[in-house]
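Quick note: the sequence shown uses this note's numbering, first residue 9, plus one each step. Glycine included, every Cβ here is placed at the ideal spot set by N, Cα and C.
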Amino acid sequence: CFGEAAGWERPLWYAPIGQNIQTSYSFRQQNWQTWTNAEVTHCRQYCGLLDQSSFGKLQVTGPDATIELRRLCANDIDVPVGTSVYTAMVNERGTFESDLTVVRVGPHEYYLVTATAQVVHDRDWLLRNFTASADVTVEDVSQQWNVIGVMGPDSRRLLQSLTDTDLSHPAFAFGQSKLVEIGSHQVKATRISYVGELGWELHCLAAEVGFVWDLLWEAGARELGAERIQPVGNNAISAMRIEKAYRAWGHDISADENPWQAGLGFAIDWNHDFLGKTALEKAKSSDLKKRLVSLTLDDPSIILWGGEPILRDGMVVGYTTSAAFGPTLGRSVAMGYVRNPDGSRLNAAELPNGNFAIVCEDRVCKAQVTLRSPFDPDRKKVLC
9 CFGEAAGWER PLWYAPIGQN IQTSYSFRQQ NWQTWTNAEV THCRQYCGLL
59 DQSSFGKLQV TGPDATIELR RLCANDIDVP VGTSVYTAMV NERGTFESDL
109 TVVRVGPHEY YLVTATAQVV HDRDWLLRNF TASADVTVED VSQQWNVIGV
159 MGPDSRRLLQ SLTDTDLSHP AFAFGQSKLV EIGSHQVKAT RISYVGELGW
209 ELHCLAAEVG FVWDLLWEAG ARELGAERIQ PVGNNAISAM RIEKAYRAWG
259 HDISADENPW QAGLGFAIDW NHDFLGKTAL EKAKSSDLKK RLVSLTLDDP
309 SIILWGGEPI LRDGMVVGYT TSAAFGPTLG RSVAMGYVRN PDGSRLNAAE
359 LPNGNFAIVC EDRVCKAQVT LRSPFDPDRK KVLC
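In structure tokens:
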């Protein structure tokens, strides 16, 4: 079954042959949940193929590309060619304008991967804030490139059967990006993951993506066995990224938050000057009055969808921003911003002391809260 995001059609889930592929809408378990659960479990155990083509993609080139991007990105993007950097872009208030991955593909060339609905905004933000005399261009190349995610414990074995590039760790470490031959097709392969598994995002020319998908599918059946390769839809991707506490633009981060509140302080490098740095320094030293946390429900029968009130000791202190049933955890999992009712500083050390709950289905459902990822918090699966 397909859905859309910002005009991009993308698969939501894959139903078994003969099953009803229409959504049966409900605030409780929907008809696709069983299939989505199976896709998540498969990707966590074996290997899944993900259509992630709806990512926004920008090409930034020119002699001044590094200087200008470095001034607008909170993290330092002046890295060796073939390196990707996850970064925040903030405004003069220190709040988000975007979060994105910046890949350096040449001395004066960068490939930016951003949220589906952010590509027009990000291009405009860059052009409006580049120095007027700067020799740099920004091109929206979203239509030219499609993205296949190859994710799961068997992803390395599958891809290695199709390329001579050494995919071992650390020959191809997390965050690296290289041009890789898949059959007769050259793809941009970046070792990165939005689902919390070992894997690579393959950026393929739109005219060639179907051939690359077929090669991956056939190699998966041949090298791994037909039962160990499966397509994975966007509902499963969403569930996995929430289990891993990976943020999504427009849900968990927006122009109303700064990186400290969102728990993304690692996306800042203080050793260079950038737009919004002064405001972020003030925000770091001031009282943090709200924080993004992860929550898991004690009752596995309750389904969360996002937007539910969060209670602490019986008082409303926030709301869920993203939520889904987490098949790996066996219960619903969510992210959400919480505050102290009196508006005072919210200390991380105090969070475990409260009795948290989420209001859902007209019930108060007990929840556990953490500032870390509920799934693989030490990133052992991603970095193997």
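Residue i versus the options, residue with shortest Cα-Cα distance
i: alanine 197; options: Ala229, Arg164 and Gly204; result: Arg164
i: asparagine 28; options: Arg18, Asn39 and Leu20; result: Asn39
i: alanine 123; options: Leu175, Leu391, Leu66 and Asp72; result: Leu66
i: tryptophan 221; options: Leu305, Val158, Ser302 and Arg18; result: Val158
i: arginine 387; options: Tyr254, Val110 and Trp133; result: Tyr254
i: arginine 371; options: Asp306, Lys252 and Leu167; result: Asp306
i: threonine 109; options: Phe63, Glu289 and Ser302; result: Phe63
i: histidine 193; options: Leu175, Ile75, Tyr202 and Leu224; result: Leu224
i: glycine 241; options: Arg78, Arg320, Asp59 and Trp257; result: Asp59
i: glutamine 269; options: Thr103, Asp384 and Tyr33; result: Thr103
i: isoleucine 318; options: Val377, Gln30 and Trp257; result: Val377
Assigned secondary structure, residue i (DSSP; H/G/I helix, E/B strand, else coil)
i: phenylalanine 182; result: coil
i: arginine 230; result: helix
i: aspartate 264; result: coil
i: threonine 124; result: helix
i: threonine 328; result: strand
i: isoleucine 318; result: strand
i: asparagine 242; result: helix
i: phenylalanine 333; result: strand
i: threonine 95; result: strand
i: asparagine 361; result: helix
i: glycine 218; result: helix
i: glycine 157; result: strand
Residue i Cβ short of 6 Å to the ligand PLP heavy atom set
i: serine 309; result: With respect to the ligand PLP, the structure offers nothing, as it holds no ligand at all.
The beta strand (DSSP E) enclosing residue i, as first and last residue numbers
i: threonine 109; result: 104 to 114
i: tryptophan 43; result: No beta strand (DSSP E) holds tryptophan 43; the alpha helix (DSSP H) holding it covers 41 to 53.
i: lysine 298; result: 298 to 305
i: glutamine 376; result: 371 to 378
i: glutamate 12; result: 10 to 13
i: leucine 80; result: Run containing leucine 80: none in the beta strand (DSSP E); it sits in the alpha helix (DSSP H), 73 to 80.
i: threonine 198; result: 193 to 198
i: leucine 213; result: 207 to 213
i: glutamate 147; result: 145 to 148
Sequence-distant residues of its chain with Cβ nearer than 6 Å to residue i (five each side left out)
i: threonine 145; result: Thr69 and Gly70
i: threonine 44; result: Trp21, Asn243 and Ala244
i: valine 188; result: Thr171, Thr173, Val195 and Ala197
i: glycine 160; result: Cys51, Tyr54, Cys55, Gly56 and Glu205
i: asparagine 154; result: Ser61, Cys212, Ala214 and Val217
i: tyrosine 4; result: Lying before the first or after the last residue shown, residue 4 is absent from the chain, which here runs from 9 to 392.
i: tryptophan 133; result: Glu105
i: glutamate 246; result: Rather than glutamate, the amino acid found at residue 246 in this sequence is serine. Correct list, in chain order: Ala332.
i: glutamate 147; result: Gln67
i: glycine 191; result: Leu223
Beta carbon proximity, residue i to chain B, threshold 7 Å
i: leucine 296; result: The structure shown has no chain B; it contains just one protein chain.
Unbroken alpha helix (DSSP H) run spanning residue i, endpoints
i: aspartate 132; result: 127 to 137
i: threonine 395; result: Outside the shown range of the chain (9 to 392) lies residue 395, about which nothing can therefore be said.
i: arginine 339; result: Arginine 339 -> not in any alpha helix (DSSP H); beta strand (DSSP E) instead, spanning 339 to 347.
i: threonine 286; result: 285 to 293
i: arginine 165; result: 163 to 168
Contacts around residue i, its chain only, beta-carbon distance under 8 Å, and the 5 residues preceding and following it disregarded
i: alanine 275; result: Ala82, Asn83, Tyr94, Thr95, Ala96, Asp107 and Pro267
Taking 8 Å as the threshold, find out whether the segment 306 to 314 comes into contact with the segment 329 to 345 through three or more Cβ pairs.
-> Segments in contact, yes.
Touching by the beta-carbon criterion (3+ pairs, under 8 Å), the segment 74 to 85 and the segment 282 to 292 | Taking 8 Å as the limit for Cβ pairs, the verdict is that the segment 282 to 292 does touch the segment 74 to 85.
Are the segment 173 to 185 and the segment 82 to 101 touching by the rule of at least three beta carbon pairs closer than 8 Å?
-> In short, these stretches touch, since the Cβ pair count reaches three.
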